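Trainee: Its first residue numbered 1, the sequence shown is counted upward by one per residue in the numbering used here.
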Amino acid sequence: MHKLSVTGLAKRFGPRKVFSDISFELQTGQSLAVVGPNGSGKTTLLLTALNRYHPTRGEVVFYRANIRLDEDEVRSCTFLVAPYLYLYDDLTAEENLKFFATVAGRSVTGKGIDSLLARVGLERRGMDLVRAYSSGMKQRLKYALALLNEPEFLFLDEPTANLDEDGRQIVSRIIDEYRQKSVVVIATNEREEYDFASDICRLDQ
């Protein structure tokens, strides 16, 4: 059983308050949609929960089997998919998967790569340079990276950004899969994406 506990979380950038007093608790099989208008702090909340930003106040704790995880453990069991996630344009899709697998201390075989790319609709495109990919294809590749890492806590910022209908269906299947076995947190202002989550956290601008 995995658990994410967020208590009294607040974030400011200088004099500007982004959000305050955010609290929620999620366990394996539960998911949360963080919703609100542009500029309301959805991305900042996700990045603060992932310790990319230090909170101004409050606490974020990740647990596995009721044991609190340290920072290294959190990094190894969380994954973020977002339009701004960096990929290496001068590498092929296969080379990106191999590189990020190595960084994560994992290994991936040729058959494993083929399987990952097929799951996101990029079969036969693995040897293409990522710079030749459309924005939607890059988004699909980011989901292949998530599948590669098998995260226990999956964070999604604008999960269907840049995707066509086929891509949206792929993402829907991936989210359904991970909602069963992990903790999923989604930041979105698309109402059709609210259904990806079992609960909603609303932010005001």
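Backbone N, C-alpha and C fix where the C-beta goes; we use that ideal spot for every residue, glycine too. A quick note: this is a predicted structure, and the numbers were derived from the prediction, not measured.
Counting only the same chain and skipping the five closest in sequence on each side, list residues whose C-beta sits under 7 Å from that of residue 78.
Mentor: 50, 151, 153 and 155
Trainee: Under 8 Å Cβ to Cβ from residue 8, same chain only, skipping five residues before and after it: list those, please.
Mentor: 21, 22, 23, 57, 58 and 59
Trainee: My parser needs the alpha helix (DSSP H) runs of 4 or more residues fully inside the region 105 to 132; what are they?
Mentor: 110 to 119
Trainee: Does DSSP put residue 203 in a helix, a strand or coil?
Mentor: Collapsing the DSSP output to three states places residue 203 in coil.
Trainee: Using beta-carbon positions only, say whether residue 187 and residue 48 come within less than 8 Å of one another.
Mentor: Judged by their CB atoms, residue 187 and residue 48 are not nearer to each other than the 8 Å cut-off.
Trainee: Count the other CB atoms within 10 Å of the CB of residue 137; is the residue buried (16 or more) or exposed (fewer)?
Mentor: By the neighbour-count criterion, in which 16 or more other beta carbons inside 10 Å mark a residue as buried, residue 137 falls on the buried side.
Trainee: According to DSSP, which residues form a beta bridge with residue 187?
Mentor: 34 and 157
Trainee: Along the beta strand (DSSP E) that carries residue 21, what are the first and last residues, could you check?
Mentor: Run containing residue 21: 16 to 27, per the beta strand (DSSP E) assignment.
Trainee: Decide if residue 175 is buried, meaning its Cβ has at least 16 other Cβ atoms within 10 Å, or exposed.
Mentor: Buried: at least 16 other Cβ atoms inside 10 Å.
Trainee: Just the Cα atoms here: how many angstroms apart are residue 28 and residue 196?
Mentor: 15 Å
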